[in-house]
Ligand SMILES: Nc1ncnc2c1ncn2[C@@H]1O[C@H](COP(=O)(O)OP(=O)(O)OP(=O)(O)O)[C@@H](O)[C@H]1O
Ligand SMILES: Nc1ncnc2c1ncn2[C@@H]1O[C@H](COP(=O)(O)OP(=O)(O)OP(=O)(O)O)[C@@H](O)[C@H]1O
Ligand SMILES: [Mg+2]
Ligand SMILES: [Mg+2]
């Protein structure tokens, strides 16, 4: 992948001294002259999660449209606002706040700079110049729950969460509902580690769950989840074939990083796509300012990756498809947090 | 006042200055190795901090908590205690202030002061626990403060989750405006930077630290205990009480850092995944400042300026901001080992002399 | 002529420290088989000279010859290989280690191809060596658990273990009890008989007269004289070293006794080990007298002092100061009731070494109204106070802002005495007030103590030095295993009798609880 | 709680403890020689970084299952490198040891992240190492109830740590090197006067602590995370420091303390398996290990006594 270094150099070396082009002027979809930026939360741009996804979305945008893109990482919570302001004051056409935690900073920057355009992922900011993008994680989690419920041999399934906050709660509730829908006998044990960045805690949580005969764990715990994968890999190296354990990944197709032998499937959350699409809408003069966009199954913004077919049988995938349609049609409502 | 001057001019003022220069040189060398342009980087850094009123104001905001936690660590050091727990005390101070700010409602002239007092007290009490355990049970404060940091983190999350949570926000409700301590006019002057009264409290605390420790009889007691607890006991000073008191004050300083972050900057408290680092930075600041109140102030200014400017470095020169931690580390290193500076200067002047001969 | 062979010769040694010439063109000769005393005031440069001989310091100028060969002693290793051993003024012992571990440190017997220390062999070896020189030490004991006298023997054994022929003793007797001193003297004679040569630094003229063959006197870094002891006397020596006449005999009027001021009644106090360190100790101290507590170290003296000053809790019995029961009170209360202490360990208990003299002078009184207003220290008053004490008690310090650490031991001690005496206490406890000080300083301090007594105050002198006890006390109480086992008047006793009492040889006229 | 659970808990405890044991051993050696080592966190960070990078590169270069061992070695090396800074500063230049330790933490954190960015094209994290350590089951011993599961089915690094506890215990208390090392830490001038090279001993000790803490950090990268990022080491160095003090500067004591910390960490996962745990707020469960530690310390009798000369720089000519 291209390094941040090279990319951002472009952004820095081509400061458009002229006033930013008005968004509607670029009907030809060319993003030249557009400056679009994002601010990460403390996770940093290489968090293998939403920050990274968002940055990938912007890089694709740069490649496709020629817009210049840039990011700033926040080292601590006080930086959220100052980093947002760095771009806003530098007259960027659009500044993204990536992640739930950025909510207040985006709100503040938006109110104080009514001319600026901002967008936020994973949170809702009530301001006329902010586009809020959230995901229906519960819907996607429901589907991986279906996979887990139908795949488990022990009828015991684990969920490892980071911190109990609304977003993660959505994962949990959707997942449990999915399992119960297809396998009411299965027991889902929920473990929260209290951290998103402690692989050792994830590993220990996974160890306890696997020892307790759970054979599948769905994690929604960021870096803590790495520990879950490592524990599973570890076990599968020595375990008999019928004792094999699985992990369900999160956000991205984690089988790419952790391999097919442990990754049953993943619950995709297409932050990259969301960032790409909305930024493109801006270039096209179609920025959903002041709107809340909830991206769900119907938008293909959450769901299972194609690679799932490696480990998940055709029948189960059919079942998944069936439930997907039911959710889209509204026949099933997946519970959500608060 | 005599002593005050002595403190400022004590270690030949030249050493910290050279230390800073050397630290920046170390950073430059590392940047060169990485293929970055150090001149551009440092210019971007300065530009970020002094380039416009907004960032200047925000730099002040970044410096403020460092003064408090730096004072906290330095105060404990002066009384013979190593407080690694400023982090936890900071978090607890924050929690106390948020609780008052969110759950109680009163006029501004009561609300903000009450929030400050409660947060400060809770920070102090959190420090006092470690002091008490040391005094009463002989438990090493290094261990307890480390453990109390983690306990504070989770206790604060518990409090936010169960008593303060704004549903769906992952943080507490906003505190009442009556509890806020922002300085409207200055903020407007500085282009909406989040400047707040905490700054001035920090300066007051610097003065308090100096006056209390070096001018009052209680401070005298604490210093005696810190320097020679056996002699203190022989002199009839209650050593255990002093330890508890010292940790209370140390904790209160750190607590105040958290208080003002809530009342002046965030206006709410988020559920935290991991420690903020302000407490640990406080150790560095205390060391930079040689555990002197005035030194701490300068240390915090240096630390805060470099840290805040680091974002400018990555914005303007694409230099990874981690460099700044190396720079800060090197500065502390050179401050702490003036021997190295003397040695370097000797080498340099020796070389120069040699050069002249040739 | 074996006797006159020179084993060590130091020629024109000069050693400077910042601001001071510690050794100024010093020459010194040690003959084989002799005991050569080095005498001089505190800070005269004796330890420095010997540290040079042992390789710890490098001189700026001068040469050293050992057994006729010029040598460069660049470190203790070199000194050891030349057969030089040193027993330092402040013992160099690792306290948590055993006697044997301390002795073998640095040249350990090994086993298993050098992988492991052969402790068994070591313990045997040390046991044997100890017997050979009549030192009688338990090789298995921890340093922490043995008396100072024993620790000294460990130091001696350390040098012998390394095969030293030239032994340096730096103030070996300063910390010893009379018994231990006489034992040490025997040991030293023994060593000389076995062919060793000894350099002895001491402030005690009596010892020099008793054991040394030659004495070299140093003053302010210069050698004043070197002469055989046979042809001199203590007064002459004292005069040579101080540069003025010193009265070695204390002028003391008879005591004028007043009413009892300190009454200790059947006091029981637990020691560090949890056993009773004081067993129903009783005595009475009257105004206008100096009561000396004589005894071998470790018989409850420290615990007695700590109990009296409120630092240690009292199990039973009572302490009365004037009309007040002070047992169970805090140290502060007791101090305010009129009891002052010159502690035994001036560095650990008496001073805050990193504080200036100014602040050390108010260590116990800083909180009183004369030194602070509304909780703020009144530095003006404190400075005036410190200046006065420094002047009155002749504390030699560059200024009252100088850190206590930078003062010499004697001046540190004077500062403490100034502070305690100035509190004008009813009872002044002086624990080992002159340990390690030179005769000049000792004279000064003794005078001050007598002055207190003459003013009608009471002084409790706790000392392991019989001379000091005999000279100063109006009355002597002997403590043994936490009990007062006898009481005598100095004029009616002698060293020998006291020594016997201190080891609890039952005396006809003294018995437990038989005080007054 | 059945026997199997107990064994599993113990096993998990050892996963946590391994790095702590190693780093604590490093801390013990350094502090026994009289040099405070607050820098354990930084040394571990350096070790974890070097391990992740080297193991990844080795794996790329086709070293296969030797890769983690190469990583471990690199971790030791990098630990030494940073320990050397500490040694030069504190021993040669007599800088305050606490200050220098904090500096090590700072510089190690900054440098490693910076290097990751340089090496991996701006990434904040090294790529995932596939060739990490995996557990070795010791035939026979692993059949013993509880400890079979608990100990004898562990990572090679865990065995290494346990063996090193023994080795270092032996070294400290049975060899002349250990005797001298302890003497230097208790009373350097006493050691000096019997011809022991105090400064050289201290250098050796601090560098050894770099090796051990480096390996300790490496084990985290090579067993639990598989990568290195800014939070691979997040506080373990300080916990190891606590283990040093808690364990009274004795390898066996530190082992006990480290395993205790590990055990306390694993309890909170096990607790969440039980239904009753849903009535306890999660935050209290997270707090448990730390609260337990304090309670144990409060209950433990006797103050721990640090080496006599800990923290004091040694001036050869000092009195
Ligand atoms: N390490 C040192 N640094 C600075 N000055 C020193 C040092 N060692 C000794 N001195 C100085 O050298 C002088 C001689 O000191 P030394 O210890 O040799 O005296 P001394 O004759 O042994 O005294 P005492 O009888 O008290 O033991 C002292 O005045 C002291 O100031
Ligand atoms: N840290 C220091 N800084 C400056 N001078 C010092 C320091 N330590 C010792 N000295 C010098 O050492 C001299 C004598 O000190 P020393 O401790 O040897 O006295 P002493 O009479 O031998 O006391 P002691 O009874 O402790 O042996 C003093 O004159 C003092 O100037
Ligand atoms: Mg001397
Ligand atoms: Mg002396």
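Residue numbers (the working numbering), protein chains in the order written: chain W, 3 to 340; chain U, 3 to 360; chain L, 733 to 1248; chain E, 344 to 662. Where a beta carbon is used, it is the ideal one built from N, C-alpha and C, also for glycine.
Once the 5 residues before and after residue 152 of chain U are set aside, which same chain residues still bring their CB inside 7 Å of it? none
Any heavy atom of ligand 1 closer than 7 Å to the beta-carbon of residue 88 of chain U? no
Check this for me: beta carbons of residue 894 of chain L and residue 817 of chain L, under 8 Å apart or not? yes
Use the C-beta contact count for residue 135 of chain W: other C-beta atoms within 10 angstroms, 16 or more gives buried, fewer gives exposed. buried
On the three-state DSSP scale, how would you describe residue 296 of chain W? strand
Between the C-alpha atoms of residue 776 of chain L and residue 855 of chain L, what's the straight-line distance to the nearest angstrom? 40 Å
Within a Cβ cutoff of 6 Å, which residues of the same chain sit near residue 769 of chain L, ignoring the five residues on either side of it in sequence? 932, 940, 944, 947
According to DSSP, is residue 24 of chain W helix, strand or coil? No answer about residue 24 of chain W holds up, because its pLDDT of 44 lies below 50 and its placement is not dependable.
Applying a beta-carbon distance threshold of less than 7 Å, which residues of chain E neighbour residue 849 of chain L? 517, 518, 519, 522
Chain W contact residues for residue 563 of chain E, given Cβ-Cβ distances below 9 Å: 201, 202
Separation of residue 96 of chain W from residue 38 of chain W, as counted between CA atoms: 5 Å
Residue 23 of chain W versus residue 299 of chain U - alpha carbon distance: For residue 23 of chain W, the predicted structure reports a pLDDT of 41, less than 50, and the residue's modelled location is therefore unreliable. A value from the coordinates is still provided. Roughly 45 Å separates the two Cα atoms.
Beta carbon proximity, residue 697 of chain E to chain U, threshold 8 Å: Examination of residue 697 of chain E is not possible in this model, given that chain E is present from 344 through 662 alone.
Which residues in the same chain have their Cβ closer than 8 Å to the Cβ of residue 480 of chain E, if we skip the five residues on either side of it in sequence? 495, 496
Let me know the secondary structure DSSP gives residue 755 of chain L once reduced to three states. strand
Is there at least one non-hydrogen atom of ligand 1 closer than 7 Å to the beta-carbon of residue 749 of chain L? yes
Indicate whether at least one CB of chain L lies closer than 8 Å to the CB of residue 208 of chain U. no
Can you pull the chain L residues whose beta carbon is under 7 Å from the beta carbon of residue 241 of chain U, in chain order? Residues of chain L passing the Cβ test: none, with the nearest at roughly 10 Å.
In chain order, what residues of the same chain have a beta carbon less than 6 Å from the beta carbon of residue 45 of chain W, not counting five sequence neighbours either side? 53
The alpha helix (DSSP H) with residue 110 of chain U in it runs from where to where? 110 to 139
Within the 8 Å Cβ cut-off, does residue 340 of chain U reach chain L? no
My understanding is that residue 864 of chain L touches residue 916 of chain L, with C-beta atoms under 8 Å, so please give their C-beta distance in whole angstroms. The pair is not a contact, with the Cβ atoms about 17 Å apart (cut-off 8 Å).
So if I threshold CB-CB distances at 8 Å, which residues from the stretch 156 to 188 of chain U count as touching chain E? 156, 157, 159, 160, 163, 164
How would you list, in chain order, the residues of chain E whose beta-carbon sits under 8 Å from the beta-carbon of residue 50 of chain W? 468
One or two residues paired with residue 760 of chain L in a DSSP bridge: L/742
Shorter than 7 Å, the distance from the beta carbon of residue 752 of chain L to the closest heavy atom of ligand 1, or not? yes
Looking only at its own chain, which residues have a Cβ that is under 8 Å from the Cβ of residue 1136 of chain L, when we skip the five neighbours before and after it? 1083, 1084, 1085, 1086, 1087, 1088, 1089, 1092, 1144, 1147
Just reading off the beta strand (DSSP E) that residue 1102 of chain L is part of, what are its end residues? Careful: residue 1102 of chain L lies outside any beta strand (DSSP E) and carries neither H nor E.
What would DSSP say about residue 29 of chain W, mapped onto helix, strand or coil? Since pLDDT at residue 29 of chain W reaches only 44, below the 50 mark, its modelled position is unreliable, and the value read off the structure follows with that caveat. Coil, per DSSP.
Neighbouring residues, chain U, relative to residue 1040 of chain L (Cβ below 9 Å): Simply none; closest approach about 12 Å.
Report the neighbours of residue 437 of chain E on chain U: residues whose CB is nearer than 7 Å to its CB, in chain order. 341
By the three-class DSSP mapping on this structure, what secondary structure does residue 772 of chain L have? strand
Beta-carbon separation (whole angstroms), residue 367 of chain E vs residue 597 of chain E, contact threshold 8 Å: 4 Å
Proximity below 8 Å, CB of residue 231 of chain U to CB of residue 129 of chain U: no
On the three-state DSSP scale, how would you describe residue 1183 of chain L? helix
Pairing CB atoms from the stretch 119 to 136 of chain W with CB atoms from the stretch 148 to 160 of chain W, are three or more of them under 8 Å? no
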